[in-house]
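What follows is a set of notes on a single structure, which appears directly below.
Chains as they are written, first to last, in this note's numbering: chain A, 1 to 10; chain B, 1001 to 1212.
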């Protein structure tokens, strides 16, 4: 599981 | 996008609308903490700076603009238009004791030591405690109007739904963000006693009275 990079959440 | 995040965003949007309607209709911001509203404006400003250089989707951009406009609009209503109804004597939480630690922690615990990343991390940490002045105000006045408790319920539900979104994304999309998850859990936990009161009292038609 990779750490979330893109900020697609509000 | 998944159903949990969509419901969470809609719950968040509904909370902000309920608050604006409450202030506009009753022409009063009694029982609302201006300090929390200031913190929310700081949270959205520091988190949505990427509006300038990153385009995710029309939905993402529109929601960010709505949240920014609504938070500044609420501050305008509270501190200017309906300033006379602002409960300055009870809204006394020292928000510098929330902003400073969030800023320091963002400089220490983050994914990357870059300006936008630090600001995003700061906004995540600050959002997790931004409701404290509001909960403090409700505890000081000992009660809240039912529309204010609906506002708080929607606002608390939004991040609780985001936790389900993060669980879903962990299993379905193979990624997670520990900073957002830990802060989101802290944020939701802060609402627990309010959720209990809301479900046991407000949903039964009673007024939200905190045990004195």
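Where is the CB? At the ideal position from N, CA and C, for every residue including glycine.
(request) Could you tell me which of B:1031, B:1205 and B:1175 sits nearest to residue 6 of chain A, measuring between CA atoms? (result) B:1175
(request) Out of B:1012, B:1054, B:1049 and B:1099, point me to the one whose CA is closest to residue 1035 of chain B's CA. (result) B:1099
(request) Would you list, in sequence order, the uninterrupted alpha helix (DSSP H) runs of no fewer than 4 residues that lie entirely inside the stretch 1129-1182 of chain B? (result) 1132-1141 and 1146-1172
(request) Can you give me the Cβ contacts of residue 1181 of chain B inside the same chain, cut-off strictly under 8 Å, excluding the 5 residues immediately before and after it? (result) 1163 and 1166
(message) With DSSP as the reference, identify every bridge partner of residue 1187 of chain B, one or two as the case may be.
(response) Per DSSP, none; premise fails for residue 1187 of chain B.
(request) With 8 Å as the C-beta to C-beta threshold (strictly closer), list the residues of the stretch 1159-1193 of chain B near chain A in chain order. (result) 1162, 1165, 1169, 1170, 1174, 1175, 1176, 1177, 1178 and 1180
(message) In whole angstroms, give me the CA-to-CA distance for residue 1005 of chain B and residue 1031 of chain B.
(response) 29 Å
(message) According to DSSP, is residue 1210 of chain B part of a helix, a strand, or is it coil?
(response) coil
(request) Using the Cα positions of residue 1070 of chain B and residue 1020 of chain B, report the straight-line distance between them to the nearest angstrom. (result) 8 Å
(request) Use the C-beta contact count for residue 1205 of chain B: other C-beta atoms within 10 angstroms, 16 or more gives buried, fewer gives exposed. (result) exposed
(message) Residues of chain A with CB closer than 7 Å to the CB of residue 1056 of chain B, please, in chain order.
(response) 8
(message) Please tell me whether residue 1074 of chain B and residue 1018 of chain B are closer than 8 Å, where the distance is taken between their beta carbons.
(response) no
(request) Given a cut-off of 8 Å, decide if residue 1127 of chain B and residue 1183 of chain B are closer than it, judged by their beta-carbon atoms. (result) yes
(message) List, in chain order, every chain E residue whose beta-carbon is nearer than 7 Å to that of residue 1063 of chain B.
(response) Although the question refers to chain E, the structure presented lacks it and instead comprises the protein chains A and B.
(request) Report the rounded CA-to-CA distance for residue 1186 of chain B versus residue 1131 of chain B, giving the unit in angstroms. (result) 11 Å
(message) Using only the alpha-carbon positions, how far apart do residue 1179 of chain B and residue 1115 of chain B sit?
(response) 16 Å
(message) Cβ closer than 8 Å: which chain A residues qualify as neighbours of residue 1060 of chain B?
(response) 8 and 10
(request) Using a Cβ cut-off of 8 Å (strictly closer), state whether residue 1094 of chain B contacts chain A. (result) no
(request) Enumerate in chain order the residues of its own chain whose CB-to-CB distance from residue 1046 of chain B is below 8 Å, with the five nearest sequence positions on each side excluded. (result) 1119, 1120, 1122, 1123 and 1126
(message) Quick check: residue 1028 of chain B and residue 1085 of chain B, are their CB atoms within less than 8 Å of each other?
(response) yes
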